[in-house]
Amino acid sequence: MEINTIPEAFQTKLRLAVLSALLTGTKSFKELKTITSATDGNLGIQLNKLSEMEYLTIEKAFVNNKPQTTYTLTEFGRKQFKEYVELLESLLSSSE
Amino acid sequence: MDKNVALALDDISLIKTVIERTQQDFSKIAPFFIGVGMINGIAAIVEQLMYFCRNTIGYGSSLVRIFGVGYYLIKIIGYIILFLYFSRKLKITNNEISNGMLKIWGIFLIGSYVFIILYMNLIPMGNNDQIVTLWRCKELLEILPIIFALFMTGILTQRKLITICAACYSVLYLILFMSMKEMPFGTIGGKGTLISVSSFSIRVVMIFGMVALGLFFRIGAKNHGNKYNTRSFSNEA
Numbered sequence: 034m035e036i037n038t039i040p041e042a043f044q045t046k047l048r049l050a051v052l053s054a055l056l057t058g059t060k061s062f063k064e065l066k067t068i069t070s071a072t073d074g075n076l077g078i079q080l081n082k083l084s085e086m087e088y089l090t091i092e093k094a095f096v097n098n099k100p101q102t103t104y105t106l107t108e109f110g111r112k113q114f115k116e117y118v119e120l121l122e123s124l125l126s127s128s129e
Numbered sequence: 025m026d027k028n029v030a031l032a033l034d035d036i037s038l039i040k041t042v043i044e045r046t047q048q049d050f051s052k053i054a055p056f057f058i059g060v061g062m063i064n065g066i067a068a069i070v071e072q073l074m075y076f077c078r079n080t081i082g083y084g085s086s087l088v089r090i091f092g093v094g095y096y097l098i099k100i101i102g103y104i105i106l107f108l109y110f111s112r113k114l115k116i117t118n119n120e121i122s123n124g125m126l127k128i129w130g131i132f133l134i135g136s137y138v139f140i141i142l143y144m145n146l147i148p149m150g151n152n153d154q155i156v157t158l159w160r161c162k163e164l165l166e167i168l169p170i171i172f173a174l175f176m177t178g179i180l181t182q183r184k185l186i187t188i189c190a191a192c193y194s195v196l197y198l199i200l201f202m203s204m205k206e207m208p209f210g211t212i213g214g215k216g217t218l219i220s221v222s223s224f225s226i227r228v229v230m231i232f233g234m235v236a237l238g239l240f241f242r243i244g245a246k247n248h249g250n251k252y253n254t255r256s257f258s259n260e261a
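Protein chains in written order, with this note's numbering: chain A, 34 to 129; chain B, 25 to 261.
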């Protein structure tokens with residue numbers, strides 16, 4: 034990954050926050066909403082975009098007769114995230 | 025400062041904040057403590073039933089033996105089931121603090137009861153002062169790991185209230201244990217028996233204390249989300 038070719042997924046703070054949260058495991062929409070303090074609409078759009086980019090998978094299920102949507106980081110998403118963090122590290126080390 | 029470096033620092037700070045926040049969510053482990061409290065509550069009912077049978081039917085009744093053994097079995101089997109269930113449940117969350125806490129509590133709760141059962145089988149039969157002292161020391165095997173686990177929980181979760189409560193209870197327990205004061209117990213249907221006040225305090229902690237700890241984590245987790253203002257980055261999308 035190069036500085037000029039940073040994927041779209043890391044170019045907004047909310048998407049980056051969502052991916053960081055999913056790095057520690059599967060999260061529900063409600064949990065992601067609490068972590069990011071984003072509005073339902075905004076968060077929903079960003080999650081769908083990340084899903085389209087194959088960074089995360091969406092699973093819909095019924096828990097206690099209530100619909101619950103959970104989001105999991107894909108292997109591709111994890112790999113891209115790792116590469117992005119390595120890019121950030123190299124940027125900081127080169128500036129020292 | 026180079027613009028790219030500033031943005032990199034900003035992003036690293038954001039990633040760190042979000043990961044720390046997910047690690048501080050203890051809502052998933054809260055039902056474990058409520059479960060421990062409920063197991064002890066059920067065991068306490070079984071114990072009272074044992075005393076009731078002993079008071080009304082007599083020592084020789086097989087029901088007394090069944091309830092007596094059941095009291096320990098409910099606890100040890102209950103703890104094992106709870107530990108296995110939550111180990112599986114917490115595995116997917118990748119919350120290292122919650123997983124660490126579960127391991128500590130699992131080892132101490134199950135381990136202490138394995139030792140208690142072993143200890144009870146090794147104590148010789150009889151009613152002299154030495155044996156009574158050995159029976160009294162049995163409660164130490166139960167409470168010392170719990171106090172230690174409470175301190176560890178307070179340190180791991182960085183919740184001062186838990187550490188303070190653990191410290192206060194350990195001092196109170198020491199005073200009660202050394203005072204050797206006794207109180208009537210299991211009086212339903214007859215005279216019952218005398219147990220030490222310190223032993224009674226363990227029952228209170230294991231039922232109400234554990235439920236309170238679970239609720240504390242559950243309520244704390246709910247409130248936690250409001251402590252941070254992340255709207256700043258959510259609005260940039």
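Just so it is clear, CB atoms sit at the ideal spot from N, CA and C, and this is done for glycine as well. If you're wondering where the values come from, they're calculated on a predicted model, not measured in any experiment.
Item	Value
With H, G and I counted as helix, E and B as strand and the rest as coil, what does DSSP make of residue 104/A?	strand
Which residues of the stretch 51-69 of chain A have a Cβ closer than 7 Å to any Cβ of chain B? Give them in chain order.	53, 54, 56, 57, 58, 59, 67, 68 and 69
So, is residue 74/B buried or exposed, given that buried needs 16 or more other C-beta atoms within 10 angstroms?	buried
How many whole angstroms separate the CB atoms of residue 77/B and residue 88/B, which I take to be in contact at a CB cut-off of 8 Å?	5 Å
Is the stretch 58-66 of chain B touching the stretch 191-202 of chain B in the sense that three or more CB pairs, one from each, lie closer than 8 Å?	no
Under the DSSP definition of a beta bridge, which residues are partnered with residue 59/A?	Answer is none; residue 59/A lacks a bridge partner.
Does the stretch 171-180 of chain B touch the stretch 126-133 of chain B, meaning 3 or more C-beta pairs lie closer than 8 Å?	yes
Taking beta-carbon pairs under 8 Å, can you tell me which members of the stretch 41-59 of chain B lie near chain A?	42, 43, 45, 46, 47 and 49
Spatial neighbours of residue 113/B within its chain, please: C-beta separation below 8 Å, excluding the five flanking residues on both sides.	52
Evaluate contact between the stretch 32-45 of chain B and the stretch 222-241 of chain B, counting only Cβ atoms and requiring at least three cross-stretch pairs below 8 Å.	no
Would you mind telling me which residues of chain A sit closer than 7 Å to residue 28/B, beta carbon to beta carbon, in chain order?	36 and 124
Could you name the residues of the same chain whose beta carbon sits closer than 6 Å to that of residue 270/B, not counting the 5 residues immediately before and after it, in chain order?	Shown here, chain B extends from 25 to 261; a query on residue 270/B therefore has no answer.
Residue 84/A CB to nearest chain B CB: under 8 Å?	no
Determine the DSSP secondary structure at residue 84/A, reduced to helix, strand or coil.	helix
Since residue 121/A meets chain B, which of its residues come closer than 7 Å, beta carbon to beta carbon?	32, 35 and 36
8 Å is my cut-off, CB to CB: does residue 119/B come that close to chain E?	No chain E is present in this structure, whose protein chains are A and B.
What is the DSSP secondary structure of residue 211/B, reduced to helix, strand or coil?	coil
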